[in-house]
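Working notes for the structure below.
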Amino acid sequence: MVIDKHQILSTNPLLSGLPSDVVEQLMLVSTVRELADGERLYSQGDEGDGLFGVIKGRIRLSNTSKDGKELLVMLVQTGDWIGEISLFDGLPRSHDAFAVGNCAVLYLPREKFNTLLKARPELYQYFIPMLCRKLRLALSYVEGAALFSLAERLAQRILELLKFYGIDDGGNGRLIDVHLPQEDLAKMLGVSRQAISRELKRLETEGIIELAYGKLRVLDKLGLERQLA
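Using numbering that gives the first Met the number 0, the first residue of the sequence shown is number 0, and each one after it goes up by one.
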């Protein structure tokens, strides 16, 4: 697999505006890692040894309880970055990260990254938005769990998935272009598969979504948004 590191670092929306000399420095210290489907990138509790940019495939971030119950935090798509929390605070990884399909990531080692930031502290302005974005997302999940019904939380999560993965594929509405079994939706919201299945069937009956095996199509985005009203 041929990877153009310069294109990744200079065009990624989360790093847009980086000075060209910084892009060149990051190219020199970054490496590409390829992962097979299901391969672990890092584990919860591991040392935060660097930052990862997803350049092919998707990464599954999750937490697992002592009794083996998984909470699926998010599916990270191509073009996004993970690992920035441990990179900046120096604490262990807060999630498990696994490849979904064959993946490739761009790895920026923490030690070399920090050396660059110490020499050029003005560069923080380009990386802090990554943290803010994740913080906003985390706060929205906490708010949803505390204040909203399952119907509202599910609608909110489907809208988020639509924003990240929605495509026009010639059918009605927009397809969420990621394998999305009901079990995964249940793990995202911390509820049973049966509860998610009931809510999805209700939304399908109302003509808001269309279900297929491992796929979900949004037919009526406004109908989903009305679930939050």
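We put the beta carbon where it would ideally sit given N, CA and C, even for glycine.
Endpoints, the alpha helix (DSSP H) within which residue i is located
i, result
"Lys65", "Element bounds for Lys65: n/a, residue is neither H nor E."
"Arg119", "Neither: Arg119 is in no alpha helix (DSSP H) and is coded neither H nor E."
"Leu199", "192 to 204"
"Leu184", "181 to 188"
Extent of the continuous beta strand (DSSP E) to which residue i belongs
i, result
"Thr77", "Where Thr77 is concerned, there is no enclosing beta strand (DSSP E), given that its DSSP letter is neither H nor E."
"Gly100", "95 to 108"
"Arg156", "Careful: Arg156 lies outside any beta strand (DSSP E), inside the alpha helix (DSSP H) at 149 to 164."
"Ile175", "173 to 175"
"Leu40", "39 to 41"
Residue i (DSSP reduced to helix, strand or coil)
i, result
"Tyr212", "coil"
"Val31", "strand"
"Val22", "helix"
"Ile7", "helix"
"Arg225", "helix"
"Leu50", "strand"
"Leu136", "helix"
"Leu86", "helix"
"Leu17", "coil"
"Leu218", "coil"
"Ile58", "strand"
8 angstroms CB neighbourhood of residue i in its chain, flanking five on each side removed
i, result
"Phe97", "Gly37, Glu38, Arg39, Leu40, Ile58, Arg59, Ser61"
Contacting residues, own chain, Cβ-Cβ under 7 angstroms from residue i (five flanking each side not counted)
i, result
"Ala230", "The structure shown has nothing for residue 230, since the chain only spans 0 to 228."
"Lys111", "Val28"
"Asp168", "Leu174"
Residues of its chain near residue i, where Cβ-Cβ distance is below 6 angstroms and the 5 sequence neighbours each way are ignored
i, result
"Gly172", "Arg216, Val217, Leu218"
"Asp95", "Ser42, Gln43, Ser61"
Beta-carbon separation (whole angstroms), residue i vs residue j, contact threshold 8 angstroms
i, j, result
"Leu50", "Leu107", "4 angstroms"
"Val104", "Gly52", "6 angstroms"
- [ ] Kindly confirm or deny that the stretch 118 to 137 and the stretch 75 to 83 touch, where touching means at least three C-beta pairs closer than 8 angstroms.
- [x] yes
- [ ] Evaluate contact between the stretch 183 to 199 and the stretch 65 to 76, counting only Cβ atoms and requiring at least three cross-stretch pairs below 8 angstroms.
- [x] yes
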